[in-house]
Amino acid sequence: MSTATTSTVSRSAARRLRVGGYALGAYLLRRLVITAVLLLGVTAVTFLLVQLVPGDSMTATLSEAALQDPEIVAAYRERWGLDEPLHMQYLLYLQNVLSGDLGVSQQTGRPVLGDLMTYVPATLEIAVPAMLLSLLIGVAVGLYAAVRHGRAGDQVVRAGTLLGLSTPPFWLSLVVLYVFFFVLGVSPSGGRLSTYWVPPEQVTGVMSLDALLAGEPAMAWDAVQHAVLPVLVLTVLTVATLVRFVRSAMLEVLDQDYIRAARAKGLPGRTVLLSHVLRAGLVPVITVSGLAFAALLSGTVLVEQIFSWPGVGQYAYRAAAALDMPAILGVSLFVAVVYTVVNLIVDLLYGLIDPRIRLS
Amino acid sequence: GGSGSGGGAGGGDSDDGGATQGGTLTVSTSFVVNSLDPGQVYEATGALAVHAMYDTLVTFEGSDVTTPVPLLAESWEVNDDATEFTFTLTDGAVFSDGSPVTAEDVVFSINRLHNLQGSPAVTVEGLAASSPSEGVVVVTSEQSNPSVPTILAMPAAGILNAEATEAEGGTAAEDAASVDAATDFLNGASLGSGPYMLDSFDPASEIVLTANPEYWGETPGYQRIVISNVEAETQKLTMQRAEGDQIALDLSGRLLEDLPESVQVSASQDTFYFLTLHQDPAVSEITSNPDFVRALRASIDYDGLAALFGEDALPAAGMVPTAFPGALPEVEAQQQDLDAAADHLEASGITDPTVELMYPAITYRGVDLGTIATKIQFDAEQAGIEIVLDPQPIASFLEAQTAGEVPFRFSPQSLNYPVAASLVNNFAPGQASAERTGWTEDRASEEIIAAGEAVQSAPDSESQISAIQDWQHLLNEESPYVTLAYNSGVVAATETIANAEYSPAGWQVDLRAVAPQ
Amino acid sequence: MSIEPRTDDVVAHTDDRVDRALGRRRWVRRLRLSQVHSTWRQPSVVLAMVLLAAWVLAALLAPVIAGQDPIAQSGDLYMPPSGAHWFGTDELGRDVFARVVHGARLSLPLAVIIVACALAIGGLLGLLAGYLGRGFDEAIMRVTDLVFAFPQIILAMAVAAAFGPSTQNAVIALVIVSWPVYARVIRSAVLSIRSSDFLAASRLLGVGPWRALRKDVLPNSVGPAVVLATLELGNAVLMLAALSFLGLGPRPPAPEWGAMIAAGSKDLSIWWVSVFPGLAILTVVLAFNVIGDALRDRLDPRYAKGLS
Amino acid sequence: MVMRKGYSMSAQAQAALEVTDLEVTFRSRGRGTVHAVDGVSLSVARGEVVGLVGESGCGKSSFARAVVGLERVSGGSVRLDGREVQPVGWRVRSDVRVQMVFQNPYSSLNPRRTIGSQIRDGVPPDVTDPEADVADLLERVGLGAEAATRYPHQFSGGQRQRVAIARALAPRPEILIADEPVTALDASAQAQIVTLLTSLVRDLDVGMLFISHDLALVRQIADRTAVMYLGRIVEDGATDAVWGDPAHPYTHALIDAIPRISAQASLPETLAGEVPDAAHVPTGCRFRPRCASAMDICAEEPPVVRLGDRHTACWLHIETKEKQDV
Amino acid sequence: MTALLEVENLGVHLPGDMPVIHDATLRVDEGEVVGVAGESGSGKSMTASALLGLLPPGARTSGAARLHGVPGPGGTSTVDLLGLRGAEWNRVRGTEIAMVFQDATASLHPMLSVGRQLTEHMRVHLGMDKSAARRRAVELLDRVRIPDPDRALRAYPHQFSGGMRQRVAIASALACHPRLLIADEPTTALDVTVQAGILRLLDELRTETGLSVLFVTHDLGVLASLTARSYVFYAGRVMETAATPELVTRPRHPYTAALLRARPHADESWGQGARQPLQSIPGSPVTPATAPPGCPFAPRCTHAIEECTTAVPTLSAAGPPGHELACVVRPDLTEVRA
Ligand SMILES: Nc1ncnc2c1ncn2[C@@H]1O[C@H](COP(=O)(O)OP(=O)(O)OP(=O)(O)O)[C@@H](O)[C@H]1O
Ligand SMILES: Nc1ncnc2c1ncn2[C@@H]1O[C@H](COP(=O)(O)OP(=O)(O)OP(=O)(O)O)[C@@H](O)[C@H]1O
Ligand SMILES: [Mg+2]
Ligand SMILES: [Mg+2]
Ligand code: NI
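Residue numbers (our numbering), protein chains in the order written: chain A, 1 to 360; chain B, 361 to 877; chain C, 878 to 1185; chain D, 1186 to 1511; chain E, 1512 to 1849.
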């Protein structure tokens, strides 16, 4: 948040903290390189975790019958380079990962990558709306709280966000399900679609869209209804962080002289808020929304399980419950990659939006 | 919830919807399915699906598991010492691709099951099939075995289209275990002659079956059956506000409690829960001590434990669940006797024993095994035995169990095939399960070995039943198994469904028979 | 002169003159201070303190307060809340109230252990990274980047699963995923101190680098660490519960809140089995968060920024 | 004549601090190499106040920090009585005879230590009663001895600057570098601190390099004044001479830009343009682009000209110098 | 001269009942540059903020601040600035009164182009379309001597130097033809050389456009060179006011005199005057909140008498017309300058 760097920080510190002045091209390149290195590191971490699993990864992966067969065992050893030194094993692992081979899930007996491909759209179906909703609410409410700083509205928001931050996600899901399904009976129980529907042909992977494409509005509506509660819970979980962040970012901006200057110019309050305060305040918000998205993805692990939502989260949950390491690591790797890439995009956006980076 | 126009049978508009009576049937069950290849199928849900897709020579109807009825075989004969079974195939049975079911297909399928050496192969151990003439199949057993028709009614013995299977890399040859490559294909499509075909299989979430338009028998009841992987608690939610035709398979005990009146429930106590104590002193000095086993056996609050499962469970009397002939009468149910436990413990010479109890961290038939294990822990504590719980993921548990080095474990068990004698094949000293428990023949008494043999050599089922009861009494005396309780398999179905009966035969509910009412 | 791209350093320079207006900042500080004093008197903070005190007391006096044995089983399964069982009984007929109260004995100390370990590791590494700079700093920061690339709960899950489920391993997993936050925050605090004039002045007086670390750097970086640790205590409780919920926490029959919720989640009609432990988590975490927030307001808010 | 980048001030016998051809460079990403200090020579004698003035960004602070050893020196040398001043690094600094007073009194004291403990850090180990020494130092800067037990936030900006001075004096320094020590203070506090500093210099026979952008203030207290522009010294000499008759056009412009108090309101004179980026220094005379009297010859690096006691680096004085030499 | 702005007994209390301004009375005539001086924290900026309604939220004001000749639906009228609420301010801000802040870096939005920041309020207030506003923006930039105005419009603030930024800020303030410009220490953050340029610019604007300026500074030298009349603040009160040359050469309030003595005497004949030690004011400044009863300067005043600590002196005439001071003692200060 270089906008906020003021001179109370000793000057030389300020110099060091400032976003360096690179041209956008160099900035882009640097970010790309950093991301690539990070991703490499991410694979190293998952590889190390594989090594941590007690016993041979082979016994965990191969079936009983296959283990009896020396040929299969030899082939397996060769493919995963189990006889090679550790760094060679890592290279092999890397090679496998790069070619999309994340191993075979013990639970499903299928390649982890294929499993992920199946479950990702379902997760996105709730994660993306929840993220958008969180951003919308987060910005609106955060801005509201900042403008009403210290007053009743702000206090209420603050209390609400603290409550949101302190709520265990799995518990909230249960309570919501209990209330809306069990007590009130206004929501479907779980899953993506009532079972009497034949799922539409997968086009986008998003159930409601696919249903619409298949010309089944009633089915699309059913799909939407199923998504409501999980989206709600995920939103509640993410929005608290966002509101708090937006609030403090906006407070910081509201405190700036340039906002006073804009008001002194006689600009209407709305204009000041929407085109001056928001613009400056959103830069850090964009950055943090990358983080928030990652948090949201982690949230799906427990939430999807409770709502029987067949997404990556449920997959991860089941993998964890079954100690299905290839699947767990596949999910970790996947989410880490998504997160890293989202962050890269966010950083690039940041570079595009902030002229101080764009034009330096 | 908008249980709108799309609900019920309306959901399944399809081109040839006229052929079947119903649209979509949803079967909810919490499952782990490794394979839908008959030669590999082992788990209950796999059996459920395979049974619907593959015809067997004979089968069972409804909840009855005593009388096999014809399916692909229109009749069969058995020789006197029950070692040779001759099946005559019906005419007109065709696979889903339209080709006729021949004796070669049957021979291929049974031999492949045997030679694949997969998990279900144990049931056909010692059996071999051949076809002396067209339309006739002879199955021989190395030992006298009156249960062969029952074994051949099991889903694993489903008949595959031999030609098509071979085309996908399948083989029935001796080396099938390493050469056969059809399993992957069979996990994505079916090659049977049953009323349903495999539409899609997602090992984590669902199995979708569709009606076989070419089915040679009666038209299947539904156009589409979705077997979805749903936790027990969600199954309950679904049944509470069921829309359309729904079956739930894991509702038992408490979960059945406040279901709507309209839900039909069918149950049968076909599972038992038991503890196993390793008999090899090298593995554990404690668990191999017979007095310790007795102390533990006396410490368990069988009634309280059964209560945890809900109304449909019973405290165990012997190993055979009440669903099967040969079960001990209810009055013989075991009782907690803490004084006796104390005496036994003293006799064992072990003071303040601590043992680790390994069990799979799963919910089985709606009951969290952790709950039961915690109860066991608590009861044992009353007798001065400390138990440390060691929940393991199912895969690790099975692996450890197979390795045969677990001192003390707890798990549910159902029968390989619905004949009590199958337990002897598995649990008698020296048999597969007993071996993994270190209960070798030389660690067992003459008496119990003889009792086991008596079961196996019983010429008819009557004498077999009394033999098996004797065997169970002896087990309660000196075996490393502590049978705790029997629990039911339950089928809960919406009122719109006919023939939703629980079958202890292994497939839980006969999907070929269920139909809209 | 024409409009040439100016570098930030030049920008920083003109800021320097603004230091003249330091007076202005003095009032800002004064203003903050006056607000801060009221933060301690805010009803929410008082409430949080009381709540936390109550939980600590509950943990200390659990056997007295609970009245019943948290692992004792009775035949009364699934009893709804009543006079005999305030929070009802669970699937084994155990008193939920007793279990919730005893749960504090598990969650609170474990959270403290997790935070203490993470603080010790992350704090030390962050301190050294900020102070030593260069290679060491780079290395530590890249490692934290790596850990941050994974969502916390998923990494914790993976680590706990790799080590196998147990209390100890859950704690290890949570420490592994949470130390980098401390490293980051402390590092940035140290960085700003490292370039501070008072540290330079100390060194000019002949104070050695290690003594300066102890006397100048350390005391000035504890503030953010304390704030963070308080907030992280809440987070640790939450994460521990999540791991237990997943079955990767303490083994049964330990009255762990997350595990209790998991047990209750098996059947919604016995809502009391999961609602009360959930409320326990909620209140504990809320108390930590409110107090952490107040602390953050109290101590220099600038440092706390790294948290959000 | 050997052309050197910088030049030394008239070699005074008693000069304690001797800076020769000092260079400080920074490499910053995107900006390239910045020669913040580009060959500066300067000396400070005991009991003498040397003023250093210049616009923002001309390298005054970099110079100060390099002299005390806080910034890495990339060329030239800093000597105290002939011995190199030891840079601040991983070793304990044993020679503490050069001390510094910083600009910002709010950040130059550790907020979490008592004043006394911070001052005691500098008291030489051979002092038998350090407490008394601290009390003595505090008295000397006009604070009561009881201040020792208090914390920085209990003091105003001016008082903190006094504390900072006391601390700098603790190790009995011989040279004090004061980098804009009063810029952050109110007018009245400025006067107090400046008065204190000058009296201490005289009383303790310490040399002081007083850096400021306030030319009037420097004129008020400095014995000699050096004017810095873009990393170089463009003029130096006795203060009265420099201010009375500035030799370099830059000095002239600086002086003319100061607003004055007089009965007739008059606006200060402006100086065209602004200080160029130190990373892209103009060729030849660095001041040329802004200089009103720039000539063709100014495209070449100007020589250092000696005018009596003074020096300047400007082509304007070449004639004069030659005349003198003759 | 006609009064443009008349502030009477302005009082400002910050939330928490913290007084920052007491009974400040001041006047700005049309086309006049008026100075406000005082130590840090004396309430200069608060006064400026009060006149634009930019006080911190929750601040209370008292007194009156009348702005004359504000055009309205029925001809021009007088507006009490302190009575304005919410959107009413927009009648005044930008068009009648504009402001330049101390720190130009902070007072320009870092992410909006200079063009946008120059034109947005023109379009709101003057109803200009985009191109007309741009044309005027180019003129303005040219007026404040920014080279290559066309390019400058497309640039962002960080691409300018501090002095240039302050010029942009001034251009932006002048965009809607305000009649009063409040400049709050606009040169404090700048080098003297740059400061000189800004001072000249403001002076030119005054002569050319008849702009009135309220110039806030703590540097009496700046005050002397630019302003015609000045007010000296201490602890939120006006201590003395007079024509600037009179004030700086013949101050009558001990505080003003002390301020003058504390600054370096570099002003008269350069190079000659022997160096005199600076004379600092003893003690440290107080704020209205911490001020003792009576004259707030009394504790630091060398002329203070008993009475000073009891009654707060009010501003009253002294000496030449227009010279007023708030002092009980009114010592006969001989000229501060030799
Ligand atoms: N740590 C640093 N990294 C990069 N550049 C630096 C650093 N410190 C100073 N500079 C550059 O060196 C030049 C001189 O800076 P310095 O701080 O020495 O100037 P100064 O004369 O003290 O200015 P001021 O009057 O504003 O304090 C400037 O161009 C500045 O940008
Ligand atoms: N945001 C604020 N909150 C609380 N008090 C404030 C705030 N801003 C200013 N003050 C107080 O108001 C008084 C007057 O401040 P003001 O900004 O008017 O001083 P100033 O004369 O402009 O000082 P400077 O020369 O440093 O700009 C000061 O005592 C200060 O403590
Ligand atoms: Mg400097
Ligand atoms: Mg001000
Ligand atoms: Ni519905």
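Even for Gly, the Cβ is constructed at its ideal location relative to N, Cα and C. Predicted model only: the values in this text are computed from it and were never measured.
Would you say residue i and residue j are within 8 Å of each other, going by their C-beta atoms?
i: Ala240/A; j: Thr123/A; result: no
i: Ala1440/D; j: Pro1434/D; result: According to the sequence displayed, residue 1440/D carries Ile and not Ala. For Ile1440/D and Pro1434/D, no; Cβs fall outside 8 Å.
i: Val1054/C; j: Ala1033/C; result: yes
i: Leu1710/E; j: Ser1672/E; result: no
i: Val1724/E; j: Leu1701/E; result: no
i: His1814/E; j: Ala1372/D; result: no
i: Ala361/A; j: Met219/A; result: As shown, chain A starts at 1 and ends at 360. That puts residue 361/A outside it, with no answer to give.
i: Trp576/B; j: Pro509/B; result: no
How about residue i: is its Cβ closer than 7 Å to a heavy atom in ligand 3?
i: Asp1364/D; result: yes
i: Ser1246/D; result: yes
Using a Cβ-based criterion (distance less than 7 Å to any ligand heavy atom), does residue i qualify as near ligand 4?
i: Glu1550/E; result: no
i: Glu1420/D; result: no
Can we count residue i as close to ligand 2, meaning its CB is less than 7 Å from some heavy atom?
i: Pro940/C; result: no
i: Thr1798/E; result: yes
i: Pro1853/E; result: Because chain E spans 1512 through 1849 in this model, residue 1853/E falls outside it and cannot be assessed.
Would you mind giving the Cβ-Cβ distance between residue i and residue j, rounded to the nearest angstrom? I have them listed as a contact below 8 Å.
i: Leu1163/C; j: Ser308/A; result: That belief does not hold up - the Cβ atoms of Leu1163/C and Ser308/A are roughly 29 Å apart, past 8 Å.
i: Thr830/C; j: Leu928/C; result: Absent from the model: residue 830/C. The displayed extent of chain C is 878 to 1185, so no value can be given.
i: Thr1383/D; j: Val1229/D; result: That belief does not hold up - the Cβ atoms of Thr1383/D and Val1229/D are roughly 14 Å apart, past 8 Å.
i: Ala1570/E; j: Leu1525/E; result: 5 Å
i: Pro1130/C; j: Ile948/C; result: 5 Å
For residue i, report the span of its beta strand (DSSP E) as first-last.
i: Val301/A; result: No beta strand (DSSP E) contains Val301/A, which is instead part of the alpha helix (DSSP H) from 278-306.
i: His1338/D; result: Careful: His1338/D lies outside any beta strand (DSSP E) and carries neither H nor E.
i: Gln773/B; result: 768-774
Quick one: is the Cβ of residue i within less than 7 Å of any heavy atom of ligand 1?
i: Phe1211/D; result: yes
i: Val1235/D; result: no
Hey, quick one: how far does the alpha helix (DSSP H) through residue i stretch, first residue to last?
i: Pro720/B; result: Element bounds for Pro720/B: not the alpha helix (DSSP H) but the beta strand (DSSP E), 714-720.
i: Ser1151/C; result: 1148-1175
Would the region 254-265 of chain A count as touching the region 301-317 of chain A if we require 3 or more Cβ pairs under 8 Å?
The region 254-265 of chain A, when compared against the region 301-317 of chain A, does not touch it at the 8 Å Cβ threshold.
Taking one C-beta from the region 498-515 of chain B and one from the region 417-430 of chain B each time, how about it: are there three or more such pairs within less than 8 Å?
The answer is yes - the region 417-430 of chain B touches the region 498-515 of chain B, with three or more Cβ pairs under 8 Å.
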